[in-house]
Ligand code: FEO
C-alpha cells in the first residue's frame, strides 16, 4: 500500500505527464500551422510517448492499491516565434520533468518506499534519453540558424520518427 504523501505525489505526476502530452500537442498544431509536417509528426510521437508515461504512473498507482485522482490540465502555450523557440521550450520542459522525477525519487527514498524507487528508475533513464534527443535537435536548429533548406532537411529527418511502445512498457 502506498503511503499518503507518496500517493499524492504520484497522482500529481500523472497530471504533469498529461500536461507534457498536451503541451506537445499544442506544438504539433504550431508545426502544422507553418507547414512543417515532419516536425509535426515528431511531436505526435512525443504526444503519444507522454500519454504512455502518464499511463505507466496511473497503472502503478492502481497496482499498489492507491486511488487515482485526476486534476485539471493547465492550458499550454500555443504559439512560438520559430522552430528553434519550440525546441528551446521542449528542452526547458524536459529539464523540469527530470527535476520532478528526481523529487519523486527523493521522496520514495525518504519514505523508504523501495518499490516506488525501483519503478521510478525507468523514468530516470528515460529522462536522460529525452534530454539527449531534444538537445541534438536543438543543436541542429542552432546550426542552421533558420536557413530554409536546412529546416526542410531537419523536417524530413524528424518525419521519419515513429512512435513505438518501449518493450518494458508494452502490454
Ligand atoms: Fe514524460 Fe518527456 O517526460
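Residue numbers (the numbering used here): 1056 to 1226. All C-beta atoms in this analysis are idealised placements derived from N, C-alpha and C, irrespective of residue type, glycine included. Keep in mind the model is a prediction, meaning the values are calculated, not measured.
### Counted within 10 angstroms of its Cβ, other Cβ atoms place residue 1225 as buried (16 or more) or exposed
Any reading at residue 1225 must be qualified, since the residue scores a pLDDT of 47, below 50, and its modelled position is unreliable; no value is offered.
### Message
Counting C-beta neighbours from all protein chains within 10 Å, is the total for residue 1206 16 or more, i.e. buried, or is it exposed?
### Response
Classification of residue 1206: buried, given that the 10 Å Cβ count is 16 or more.
### Top-ranked residue by Cα proximity to residue 1152, from 1080, 1075, 1124
Nearest Cα to residue 1152 within the set 1080, 1075, 1124: 1075.
### Query
What does the shell around ligand 1 hold, if a residue joins when its beta-carbon is under 7 Å from any heavy atom?
Residues whose Cβ lies closer than 7 Å to any heavy atom of ligand 1, listed in chain order: 1072, 1075, 1104, 1105, 1108, 1149, 1152, 1181, 1182, 1185.
### Query
How many Å lie between residue 1212 and residue 1094 at the Cα?
Going from the Cα of residue 1212 to the Cα of residue 1094 covers about 9 Å.
### Task
Starting from the C-beta of residue 1081, find all residues in its chain whose C-beta is less than 8 Å away, skip the five residues before and the five after it, and write them out in chain order.
1131, 1132, 1133.
### Task
Leaving aside the five residues before and after residue 1057 along the sequence, list all residues of the same chain whose C-beta is less than 6 Å from its C-beta, in chain order.
For residue 1057, where only same-chain residues beyond five positions count, the Cβ hits under 6 Å are 1119, 1121.
#### Entry: Residue range of the alpha helix (DSSP H) that includes residue 1142
For residue 1142, the enclosing alpha helix (DSSP H) starts and ends at 1138-1165.
### Message
Helix, strand or coil, according to DSSP, for residue 1218 in the structure here?
### Response
DSSP, reduced to helix, strand and coil, places residue 1218 outside both helices and strands of the structure shown, so it counts as coil.
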